[in-house]
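FYI, numbering that gives the first Met the number 0 numbers position 29 of the sequence shown as 28, with every residue one higher than the one before it.
C-beta: ideal position from N, C-alpha, C; glycine also.
Just so you know, these numbers come straight off a predicted model, no measurement behind them.
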Amino acid sequence: MVFLYLRLVIFVFTSIVYVPCSSNAAGGNWPPSPGYWPSSKVRSMRFYQAYRNLWGPSHQRVDNSALTIWLDSTSGSGFKSMRPFRSGYFGTSIKLQPGYTAGVITAFYLSNSEAHPGFHDEVDIEFLGTTFGKPYTLQTNVYIRGSGDGTIIGREMKFHLWFDPTKNFHHYAILWSVKELIFLVDDIPIRRYPRKSAATFPLRPMWVYGSIWDASSWATEDGKYKANYQYQPFVGTFTNFKAYGCSAYSPRWCRPASASPYRSGGLTSRQYMAMHWVQSRYMVYDYCKDNKRDHSKTPECWG
């Protein structure tokens, strides 16, 4: 009996000692620390310091440092930066609407569509609205010369998030340099799109935009669920605006922003580890892995 008792004690003790635990909050449901926070290197601005209304002025309100835009059955709304940029760090903190938001897009993005209609470049962070009980999808996308001309070639990577984006503000950013595009969520890199050729990378100046609009034809489960204006207005709130980089008018020696401590750009090993963590757990679509796509049009997927 004593022998059996001792074996039981040892078993319980070792079971307690060797139960694996995570150093992350929320039981391991939070990314590992990236070790570097690029948003902390960029000063926040008020909305009117860098942006102006583009459309839907009656559906846009600025309170202190926060901008609220909304969509209803009459209109959505959008805003645009005062200056075009050729590189930089562009971020904002966003809080999304809970509940039924199917068909609704809340977006923060770079584009030169007004300067090059039908032949423009675009870099997107888009929140695809959803139905009750299902998470938002964050879609990142890159268009290179020709989007909107009938041969749209999107480079989509889609994610669910490790938090509820309707509960609090979270910071979303695009880092654009001549070498790479890096998409960040709360300073966690979630996607890196390197420049592999001039044909697959945006190099012309772009403006910074934000908007909320009805994309019922495709936004939620490929258009299965439409915007339902029984739940209007659909609201998005933006604050903590950050825009730092080389404008289209800056001298050539202007130094582009970096997402890491390296002046030359790129990511640290810790940032790569955090990005891998997100992609392995929360990425739900990668255009390069879609066998239905014609990858002759996306040669960056080859290597």
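Beta-bridge pairing by DSSP links His170 to Ser92. According to the DSSP assignment, Arg191 belongs to no alpha helix (DSSP H) but to the beta strand (DSSP E) extending over 187-193. Fully enclosed beta strand (DSSP E) runs of no fewer than 3 residues occupy 119-127, 136-146 of the segment 109-150, in order along the chain.
Burial is judged here by how many other beta carbons sit within 10 angstroms of a residue's own beta carbon; Cys287 has fewer than 16 and is exposed. For Trp69, no alpha helix (DSSP H) segment is defined; the enclosing uninterrupted segment is the beta strand (DSSP E) at 65-70. Around the C-beta of Asp62, fewer than 16 other C-beta atoms lie within 10 Å, and the residue is accordingly described as exposed.
Inter-residue distance for Gln229 and Tyr171 is about 29 angstroms (C-alpha atoms, whole angstroms). DSSP places Trp206 in the strand class (E or B) of the three-state scheme. Just so you know, the alpha carbons of Ala258 and Ile124 end up roughly 17 angstroms apart. When only Cα atoms are considered, Arg203 and Lys133 end up about 37 angstroms apart.
Assignment of beta-bridge partners to Gly87 by DSSP yields Trp175, Gly244. Burial check for Asp120: the Cβ neighbour count within 10 Å reaches 16 or more, so the residue is buried. Partner residues in the beta bridge of Asp285, as assigned by DSSP, are Met156. With at least 16 other beta carbons inside 10 angstroms of its own, Arg190 counts as buried.
The C-alpha of His169 is placed about 11 angstroms away from the C-alpha of Leu183.
Excluding five sequence positions before and after Thr238, the CB atoms of its chain that fall closer than 6 angstroms to its own CB belong to Ser64, Ala65, Ser92, given in chain order. Between Tyr50 and Lys79, the C-beta spacing is below 8 angstroms. An exposed status is given to Thr165, since fewer than 16 other beta-carbon atoms sit within 10 Å of its beta-carbon. Residues Tyr228, Gln231 of the same chain have their beta carbon placed closer than 8 angstroms to that of Ser72, with the five preceding and five following residues left out of the count.
Shown here, Arg45 sits in coil according to DSSP, grouped into three states, outside any helix or strand. In this structure, Tyr271 sits away from Trp161, with a CB-CB distance that is not shorter than 8 angstroms. If you ignore the 5 residues before and after Trp276, its C-beta comes within less than 8 angstroms of the C-beta of Pro30, Pro31, all in its own chain and listed in chain order. Beta-bridge analysis with DSSP links Asn239 to no other residue. Taking C-alpha positions only, Thr267 is separated from Tyr192 by approximately 15 angstroms. Secondary structure of Arg280 (DSSP, three-state): helix. Cβ-Cβ distances below 6 angstroms link Trp54 to Gly77 in the same chain, with the five nearest sequence neighbours on each side left out; the list follows chain order. Under DSSP, Arg51 takes part in a beta bridge, and its partners are Lys79.
Taking all protein chains shown into account, Gly128 has 16 or more neighbouring C-beta atoms within 10 Å of its C-beta and is therefore buried.
Counting only the Cα atoms, Lys94 lies some 15 angstroms from Arg60. A check of alpha carbon separations from Asn167 across Val177, Gln96, Val141 identifies Gln96 as the nearest. Checking the DSSP bridge columns, you'll see Trp212 partnered with Ile104.
Our two residues, Phe131 and Ile104, have alpha carbons roughly 16 angstroms apart in a direct line.
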